[in-house]
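Below you'll find the structure, written out as structure tokens, and then a few comments.
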């Protein structure tokens, strides 16, 4: 990772609109992807083998949903990086993408793909105004500008890396240390699974919190309403907090109670975050 942490961003990642709501913090980047691991990966495809409705195979921009997790890279043993290899530095923040060998992304990588963008967004609330223009949403978003996407190989070192990456996918998506209960991915399971490692050239995060005025809590007392006509003179103005509410686990097997406790914790944490966002009580690291 070359430039994420509070820093002066490159033109590639610098936010143009409402930049005050942005951050380039490494911790913010990790937190947004952990809260919303279903990302969208955009990349250029040469069009070969992708016949369109008109029968053409012209170059296209692909944008595919994919599970993405961020982790610090760990080199095996005492091997040091050098300019001759394309491996990340030890401790460098990277993105792992969970995919399959027949995917268009894997095909593009095999054809020499050099860069892609990976973005995700978590919605935290509906923001309602008295006029259409004032409506918005509270959200957290992150965009990674990645380079050198690499298909992790089925070498001994690669299998070890894939197993760690797949553990990260399972634990991040479920929101608890599920691999403590089900065990690690085996070598035979890892080999047919495609994992893509992406280095980060630059990245940015952005967040909106508060009510219709932005970064300010919504008005809830009539005496504080400065809108013309007072609260009876306009439609509802404020925030409807939004979060993921996990339901009751359905199925059979061991440790169901532990699972439901973990899901209840996630639901309560999501609700609290959405409420804190509504009242502008929380901000991404670095804001």
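Numbering (the working numbering), first residue to last: 3 to 289.
Where a beta carbon is used, it is the ideal one built from N, C-alpha and C, also for glycine.
In this text, all values refer to a predicted model and were calculated from it rather than measured experimentally.
Select from the options the residue whose C-alpha is nearest the C-alpha of residue i.
i, options, result
"residue 63", "56, 219, 100 and 106", "106"
"residue 211", "193, 241, 159 and 59", "241"
"residue 104", "174, 33, 51 and 276", "51"
"residue 224", "233, 179 and 216", "233"
"residue 49", "59, 196 and 40", "59"
"residue 220", "188, 277 and 263", "277"
"residue 90", "136, 16 and 152", "152"
"residue 94", "222, 66 and 76", "76"
"residue 123", "33, 235, 265 and 170", "33"
"residue 110", "88, 47 and 156", "47"
Return the chain-ordered list of same chain residues with a C-beta closer than 6 Å to the C-beta of residue i, the five sequence neighbours on each side being excluded.
i, result
"residue 159", "78"
"residue 92", "77"
"residue 65", "42 and 44"
"residue 14", "147 and 204"
"residue 178", "264"
Looking at residue i: is its Cβ nearer than 7 Å to the Cβ of residue j?
i, j, result
"residue 289", "residue 25", "yes"
"residue 119", "residue 44", "yes"
"residue 150", "residue 201", "yes"
"residue 127", "residue 244", "yes"
"residue 97", "residue 154", "no"
"residue 174", "residue 67", "no"
"residue 259", "residue 251", "no"
"residue 181", "residue 171", "no"
"residue 27", "residue 287", "yes"
How many angstroms separate the CA atom of residue i from the CA atom of residue j?
i, j, result
"residue 164", "residue 194", "11 Å"
"residue 85", "residue 257", "Because the pLDDT at residue 85 is just 49, under 50, the model does not fix this residue reliably, and the value given afterwards should be weighed accordingly. Approximately 48 Å between the Cα atoms of the pair."
"residue 282", "residue 213", "8 Å"
"residue 130", "residue 284", "20 Å"
"residue 227", "residue 215", "13 Å"
"residue 254", "residue 147", "42 Å"
"residue 16", "residue 23", "12 Å"
"residue 21", "residue 209", "10 Å"
"residue 279", "residue 140", "7 Å"
"residue 11", "residue 125", "25 Å"
"residue 18", "residue 56", "37 Å"
"residue 69", "residue 237", "40 Å"
Here's a check: name, in chain order, each residue in its chain whose Cβ is nearer than 8 Å to the Cβ of residue i, leaving out the five neighbours to either side.
i, result
"residue 247", "269, 272 and 273"
Excluding sequence positions up to five away, which residues of its chain have a Cβ less than 7 Å from the Cβ of residue i?
i, result
"residue 192", "161, 164, 165 and 168"
"residue 31", "6, 72, 144, 205 and 207"
"residue 115", "45 and 151"
"residue 189", "161"
**OP:** Quick one: which unbroken alpha helix (DSSP H) runs of 4-plus residues sit fully inside the segment 83 to 154? Chain order, please.
**Re:** 106 to 112
**OP:** Scan the segment 224 to 287 and note each continuous beta strand (DSSP E) run of 3 residues or more that stays entirely inside, going in chain order.
**Re:** 240 to 243
**OP:** Quick one: which unbroken beta strand (DSSP E) runs of 3-plus residues sit fully inside the segment 28 to 71? Chain order, please.
**Re:** 40 to 47
Original post:
What are the start and end residues of each continuous beta strand (DSSP E) run of 3 or more residues lying completely inside the segment 151 to 216, in chain order?
Top reply: 196 to 210
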